[in-house]
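Peer 1: Chains as they are written, first to last, in this note's numbering: chain A, 2 to 243; chain B, 369 to 620.
Ideal Cβ placement from N, Cα and C applies to all residues, glycine included.
Keep in mind it's a predicted model, so treat the numbers as computed, not measured.
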Amino acid sequence: MENVVLEVKDLRKKFTLHLLEEKEIVGFQSVSFTLKRGEFLGIAGKSGSGKSSLIKCIYRTYLSTSGKIIFYPNGRNSVDLATCLDEEIIDLRYRKIGHVSQFFYAIPRVSCLDIVTQSLVQQGVNIDEAKKSAKNMLSCLLIPDKLFDAHPSTFSGGEKQRVNIARALVKEPELLLLDEPTASLDKVSRGTVLEEIFELKKKGTSAIGVFHDEKELRSFADKILVMGNEREIKVYENDNPR
Amino acid sequence: MRKCILRIEGLTKIYGSTIAVVSVSFSLYQGEILGVVGESGSGKSTLVQSLYFDITPTFGKAYLNEEKKNIFELNSQEKRKLKNFDMGMVYQNPYLGLNFEITAGGNVAEKLLMADWRNYSHIRNRLTYLFEKTELPLNRMDDFPSTLSGGMQQRIQIAKALANNPKILFLDEPTSGLDLSVQARFLDLVKKIQQELRISMILVSHDLGVIRLLADRVLVMKDGRIIESGLTDQILEDPQSSYTQLLVNSML
Numbered sequence: 002m003e004n005v006v007l008e009v010k011d012l013r014k015k016f017t018l019h020l021l022e023e024k025e026i027v028g029f030q031s032v033s034f035t036l037k038r039g040e041f042l043g044i045a046g047k048s049g050s051g052k053s054s055l056i057k058c059i060y061r062t063y064l065s066t067s068g069k070i071i072f073y074p075n076g077r078n079s080v081d082l083a084t085c086l087d088e089e090i091i092d093l094r095y096r097k098i099g100h101v102s103q104f105f106y107a108i109p110r111v112s113c114l115d116i117v118t119q120s121l122v123q124q125g126v127n128i129d130e131a132k133k134s135a136k137n138m139l140s141c142l143l144i145p146d147k148l149f150d151a152h153p154s155t156f157s158g159g160e161k162q163r164v165n166i167a168r169a170l171v172k173e174p175e176l177l178l179l180d181e182p183t184a185s186l187d188k189v190s191r192g193t194v195l196e197e198i199f200e201l202k203k204k205g206t207s208a209i210g211v212f213h214d215e216k217e218l219r220s221f222a223d224k225i226l227v228m229g230n231e232r233e234i235k236v237y238e239n240d241n242p243r
Numbered sequence: 369m370r371k372c373i374l375r376i377e378g379l380t381k382i383y384g385s386t387i388a389v390v391s392v393s394f395s396l397y398q399g400e401i402l403g404v405v406g407e408s409g410s411g412k413s414t415l416v417q418s419l420y421f422d423i424t425p426t427f428g429k430a431y432l433n434e435e436k437k438n439i440f441e442l443n444s445q446e447k448r449k450l451k452n453f454d455m456g457m458v459y460q461n462p463y464l465g466l467n468f469e470i471t472a473g474g475n476v477a478e479k480l481l482m483a484d485w486r487n488y489s490h491i492r493n494r495l496t497y498l499f500e501k502t503e504l505p506l507n508r509m510d511d512f513p514s515t516l517s518g519g520m521q522q523r524i525q526i527a528k529a530l531a532n533n534p535k536i537l538f539l540d541e542p543t544s545g546l547d548l549s550v551q552a553r554f555l556d557l558v559k560k561i562q563q564e565l566r567i568s569m570i571l572v573s574h575d576l577g578v579i580r581l582l583a584d585r586v587l588v589m590k591d592g593r594i595i596e597s598g599l600t601d602q603i604l605e606d607p608q609s610s611y612t613q614l615l616v617n618s619m620l
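(1) Pick helix, strand or coil for Leu-557 (chain B), following the three-state DSSP scheme.
(2) Curious, which full-length alpha helix (DSSP H) runs of at least 4 residues does the region 95-125 of chain A contain?
(3) Look up Ile-439 (chain B) in the DSSP assignment and say whether it is helix, strand or coil.
(4) Measure the CB-CB distance between Val-616 (chain B) and Leu-576 (chain B) and report whether it falls below 8 Å.
(5) Among A:Leu-42, A:Val-9, A:Thr-62 and A:Thr-66, whose alpha-carbon lies nearest the alpha-carbon of Val-27 (chain A)?
(6) Which residue spans inside the region 419-486 of chain B form an unbroken beta strand (DSSP E) run of at least 3?
(7) Check whether the Cβ of Asn-617 (chain B) lies closer than 8 Å to any Cβ atom in chain A.
(8) DSSP has Thr-386 (chain B) in a bridge; who is on the other side?
(9) Would you verify that the beta carbon of Tyr-63 (chain A) is, or is not, closer than 8 Å to some beta carbon of chain B?
(10) Which of helix, strand or coil does DSSP assign to Asp-584 (chain B)?
(11) What does the alpha-carbon distance come out to for the pair Lys-501 (chain B) and Ala-167 (chain A)?
(12) For a contact defined as C-beta to C-beta under 8 Å, what are the partners of Glu-605 (chain B) on chain A?
(13) For Pro-153 (chain A), which residues in chain B fall below 9 Å Cβ to Cβ?
(14) Can you list, in chain order, the residues of its chain with a C-beta nearer than 6 Å to that of Asp-625 (chain B)? Leave out the 5 residues immediately preceding and following it.
(15) Please report the straight-line C-alpha distance between Leu-481 (chain B) and Pro-513 (chain B), rounded to a whole angstrom.
(16) Hey, does Arg-375 (chain B) have any beta-carbon neighbour from chain A nearer than 8 Å?
(17) Quick check on Tyr-611 (chain B): does DSSP put it in helix, strand or coil?
(18) Residues bridged to Arg-523 (chain B) by DSSP?
(19) List the whole-angstrom C-beta distance separating Asn-177 (chain A) from Leu-201 (chain A), where the pair is believed to meet the contact cut-off of C-beta under 8 Å.
(20) Is there at least one Cβ from chain C nearer than 8 Å to Arg-110 (chain A)'s Cβ?
(21) Would you list the residues sitting across from Ile-44 (chain A) in a DSSP beta bridge?
(22) Give a yes or no on whether the minimum CB-CB distance between Leu-20 (chain A) and chain B is below 8 Å.
(23) Would you list the residues sitting across from Lys-15 (chain A) in a DSSP beta bridge?
(24) Along the beta strand (DSSP E) that carries Glu-238 (chain A), what are the first and last residues, could you check?
(25) If you run the structure through DSSP and keep just helix, strand and coil, what is Asp-187 (chain A)?
(26) Check the Cβ of Lys-559 (chain B) against every Cβ in chain A and list those closer than 9 Å, keeping chain order.
(27) If you measure beta-carbon to beta-carbon, which residues of the region 576-601 of chain B are closer than 9 Å to chain A?
(28) What did DSSP end up calling Ser-157 (chain A) once you bin it into helix, strand or coil?
(29) Determine, using beta carbons only, whether Leu-557 (chain B) and Ile-526 (chain B) come nearer to each other than 8 Å.
(30) List the endpoints of the continuous alpha helix (DSSP H) containing Arg-492 (chain B).
(31) Check the Cβ of Gln-320 (chain B) against every Cβ in chain A and list those closer than 8 Å, keeping chain order.
(32) Assign Phe-34 (chain A) to one of three DSSP states: helix, strand, or coil.
(33) Do Lys-224 (chain A) and Asn-241 (chain A) have their beta-carbon atoms positioned less than 8 Å apart in this structure?
(34) Under the assumption that Ser-544 (chain B) contacts Gln-460 (chain B) (Cβ atoms under 8 Å), give the Cβ distance between them as a whole number of angstroms.
(35) If you follow the beta strand (DSSP E) that Lys-172 (chain A) is in, where does it begin and where does it stop?
(36) Express the C-alpha separation of Leu-179 (chain A) and Ile-98 (chain A) in angstroms, rounding to a whole number.
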């Protein structure tokens with residue numbers, strides 16, 4: 002068990018819409034899997050099958066309806082991300098868990114370099130070192146130097162998304178959650194982003210990523226989770242991981 | 369786990385037959401920004417003003433730094449000391465937070481004097497530091513608040529609130545009167561202060577956009593009660609109570 006980073010057991014999510022006469026909507030049904038250190042789990046499935054909902058439950062943007070999400074961080078006690086205190090989640094988000102959302106939120110008129118730097122400063126890295134690593138990460142993700150002091154609100158969709166990714170990757174988190182990270186990227190930058198993720202994998206980061214295309218996932222994921230209705234949900238080892 | 373800076377238990381405020389705040393309990397942790405949202409009249413401002421001793425609560429207890437002493441039971445001198453040394457406040461209305469009869473620098477210096485600063489040059493140096501920190505132009509230090517813009521007035525309130533390195537900063541609708549460009553700079557300033565000085569903050573705002581960008585956690589208040597609390601993104605994306613769902617669905 003010592004190699005396990007995350008253990009998801011019979012996790013379920015449903016939404017109750019109080020404004021629509023208590024209508025209930027199923028996010029996803031019974032999901033279980035384990036993730037080992039340095040593994041990449043890809044999540045595939047149709048739109049609306051609950052892929053993003055699952056990522057959001059693990060990051061605690063959604064409250065899980067039932068089930069467990071046991072996280073085994075290095076050097077700490079294991080913790081159930083579905084039920085632990087908000088304070089614990091905040092601390093884990095700063096130090097252990099990286100997340101790339103589908104949408105990009107940042108304080109307006111803060112430079113993209115500062116946004117990425119802040120993510121390290123929160124981790125306790127000193128500001129000069131943080132700046133250096135942030136510059137490095139932005140360059141790796143093909144953001145040109147001349148944009149470093151520009152505000153991301155003026156960026157293209159793909160550039161914004163790469164800043165968003167840089168902000169998560171620069172922390173070298175133990176657990177990386179990716180919600181369609183490459184959806185708005187062209188082929189070249191998509192490849193670069195994946196390269197950076199593999200670099201982190203080598204250093205021990207485990208990742209869970211939503212990707213639309215199961216075929217694409219088969220070219221690099223260690224395990225694939227297919228979402229759908231209760232009968233369709235399955236996890237399988239990929240024969241040909243990278 | 370982070371240290372608990374302030375713990376509130378059963379805070380209640382009754383005005384005659386109106387109940388403004390009912391049995392509110394929560395904790396504030398080291399270095400976090402805790403958002404408080406809710407419609408006007410939900411008791412948000414009464415809550416922070418009670419904690420800053422502007423209002424005397426009817427019932428309730430509050431503990432600083434895991435100490436055993438209920439701060440609402442301190443005598444007025446001890447309360448004043450806490451207020452001057454450990455707390456800072458930024459009001460929505462600068463007329464509540466600033467004295468318009470004295471200069472901008474004088475307003476900040478007043479807070480220093482109350483915390484027993486006596487040496488003129490030390491005070492002047494501290495003012496320079498605070499003006500730089502809050503991005504206020506030094507050449508406006510000796511101007512009166514009425515001659516400054518709304519955004520500058522709010523930043524003077526912040527400079528004043530930060531004067532004595534407080535542990536807790538209360539922000540009561542700090543950006544409501546500001547235009548968007550000034551608001552963006554103000555938000556960035558608050559975030560920087562949180563990160564550099566590790567000050568814990570309670571941020572009251574009805575603007576969910578402001579809360580999303582600044583707060584780590586959020587309390588949702590309605591009719592004087594906390595009806596829901598959680599991580600900011602969770603409250604905004606997966607609100608549980610019917611009122612919070614309505615609030616979030618009404619967001620622009």
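Peer 2: Quick answer:
(1) In the second sequence, the residue the question calls residue 557 (chain B) occupies position 189. When secondary structure is reduced to three states using DSSP, Leu-557 (chain B) falls in the helix class.
(2) The region 95-125 of chain A contains these whole alpha helix (DSSP H) runs: 113-122.
(3) Against the second sequence, residue 439 (chain B) aligns to sequence position 71. The answer is helix: DSSP assigns Ile-439 (chain B) an H, G or I state.
(4) Locating residue 616 (chain B) in the second sequence gives position 248, where the first residue counts as 1. Locating residue 576 (chain B) in the second sequence gives position 208, where the first residue counts as 1. Their beta carbons are under 8 Å apart, which means Val-616 (chain B) touches Leu-576 (chain B) by this criterion.
(5) Sequence index remark: in the first sequence, residue 27 (chain A) carries index 26 (1-based). Comparing Cα-Cα distances from Val-27 (chain A) to each of A:Leu-42, A:Val-9, A:Thr-62 and A:Thr-66, the minimum goes to A:Thr-66.
(6) Runs of the beta strand (DSSP E) inside the region 419-486 of chain B: 427-432 and 455-458.
(7) One-based indexing of the second sequence puts residue 617 (chain B) at position 249. At least one chain A Cβ lies under 8 Å of Asn-617 (chain B).
(8) Taking the first residue of the second sequence as 1, we reach residue 386 (chain B) at position 18. Looking at the DSSP assignment, Thr-386 (chain B) forms a beta bridge with B:Tyr-383.
(9) Within the first sequence, numbered from 1, the residue matching residue 63 (chain A) stands at position 62. For Tyr-63 (chain A), the closest Cβ of chain B is nearer than 8 Å.
(10) The residue labelled residue 584 (chain B) in the question sits at position 216 within the second sequence. Assigned with DSSP and collapsed to three states, Asp-584 (chain B) falls in coil, not helix or strand.
(11) Counted from its first residue, the second sequence places residue 501 (chain B) at position 133. Counted from its first residue, the first sequence places residue 167 (chain A) at position 166. Taking the straight line joining both Cα atoms gives about 28 Å.
(12) Mapped onto the second sequence, residue 605 (chain B) falls at position 237. Correct list: Lys-57, Thr-62 and Tyr-63.
(13) Along the first sequence, read from residue 1 onward, the residue named residue 153 (chain A) stands at position 152. Correct list: empty, because the minimum Cβ distance to chain B is about 13 Å.
(14) As shown, chain B starts at 369 and ends at 620. That puts residue 625 (chain B) outside it, with no answer to give.
(15) In the second sequence, residue 481 (chain B) corresponds to position 113, counting from 1. In the second sequence, residue 513 (chain B) corresponds to position 145, counting from 1. Spanning the two alpha carbons is a distance of roughly 19 Å.
(16) Taking the second sequence and counting its residues from 1, one reaches residue 375 (chain B) at position 7. Chain A, which has no Cβ nearer than 8 Å to the Cβ of Arg-375 (chain B), makes this no.
(17) Mapped onto the second sequence, residue 611 (chain B) falls at position 243. Tyr-611 (chain B): helix per DSSP, three-state reduction.
(18) In the second sequence, residue 523 (chain B) corresponds to position 155, counting from 1. Answer by DSSP bridge pairing: none, since Arg-523 (chain B) is not bridged.
(19) Looking up residue 177 (chain A) in the first sequence gives position 176. Looking up residue 201 (chain A) in the first sequence gives position 200. At residue 177 (chain A) the sequence reads Leu, which differs from the Asn that was named. Contact between Leu-177 (chain A) and Leu-201 (chain A) is confirmed by a C-beta separation of about 7 Å, below the 8 Å threshold.
(20) In the displayed structure, chain C is absent; the protein chains listed are A and B.
(21) For the purposes of this step, residue 44 (chain A) is taken as residue 43 along the first sequence, with counting starting at 1. The partner list for Ile-44 (chain A) (beta bridge, DSSP) reads A:Val-211 and A:Leu-226.
(22) Residue numbering aside, residue 20 (chain A) sits at position 19 when the first sequence is read from its first letter. True, the Cβ-Cβ gap to chain B drops below 8 Å.
(23) As a position in the first sequence, residue 15 (chain A) is number 14, starting the count at 1. For Lys-15 (chain A), which the question treats as bridged, DSSP gives the partners A:Val-27.
(24) Walking along the first sequence from the start, residue 238 (chain A) turns up at place 237. Unbroken beta strand (DSSP E) run through Glu-238 (chain A): 235-238.
(25) Counting from 1 along the first sequence, the entry for residue 187 (chain A) is found at position 186. Of the three classes helix, strand and coil, the one that applies to Asp-187 (chain A) here is coil, per DSSP.
(26) If you number the second sequence from 1, residue 559 (chain B) lands on position 191. Correct list: Ile-108, Val-111 and Gln-119.
(27) The region 576-601 of chain B vs chain A, Cβ under 9 Å: Arg-580, Leu-581, Leu-582, Asp-584, Arg-585, Ser-597, Gly-598, Leu-599 and Asp-601.
(28) What you label residue 157 (chain A) is simply residue 156 of the first sequence in a count that begins at 1. DSSP places Ser-157 (chain A) outside both helix and strand once states are collapsed to three, so it counts as coil.
(29) Within the second sequence, residue 557 (chain B) is the residue found at index 189, counting from 1. Within the second sequence, residue 526 (chain B) is the residue found at index 158, counting from 1. Cβ distance < 8 Å, so Leu-557 (chain B) and Ile-526 (chain B) count as in contact.
(30) To locate residue 492 (chain B), count along the second sequence from 1; it is residue 124. For Arg-492 (chain B), the enclosing alpha helix (DSSP H) covers residues 488-501.
(31) The structure shown does not extend to residue 320 (chain B), since chain B is modelled only from 369 through 620, so no value can be given for it.
(32) Taking the first residue of the first sequence as 1, we reach residue 34 (chain A) at position 33. In the three-state DSSP reduction, Phe-34 (chain A) falls in the strand class (E or B).
(33) Here residue 241 (chain A) corresponds to residue number 240 of the first sequence, with the count starting at 1. Here residue 224 (chain A) corresponds to residue number 223 of the first sequence, with the count starting at 1. Not a contact, by the Cβ cut-off of 8 Å.
(34) Stepping through the second sequence from its first residue, residue 544 (chain B) is reached at position 176. Stepping through the second sequence from its first residue, residue 460 (chain B) is reached at position 92. Right, their Cβ atoms sit about 5 Å apart.
(35) Taking the first residue of the first sequence as position 1, residue 172 (chain A) is located at position 171. No beta strand (DSSP E) holds Lys-172 (chain A); DSSP gives it neither H nor E.
(36) Looking up residue 98 (chain A) in the first sequence gives position 97. Looking up residue 179 (chain A) in the first sequence gives position 178. The alpha-carbon separation between Ile-98 (chain A) and Leu-179 (chain A) amounts to approximately 11 Å.
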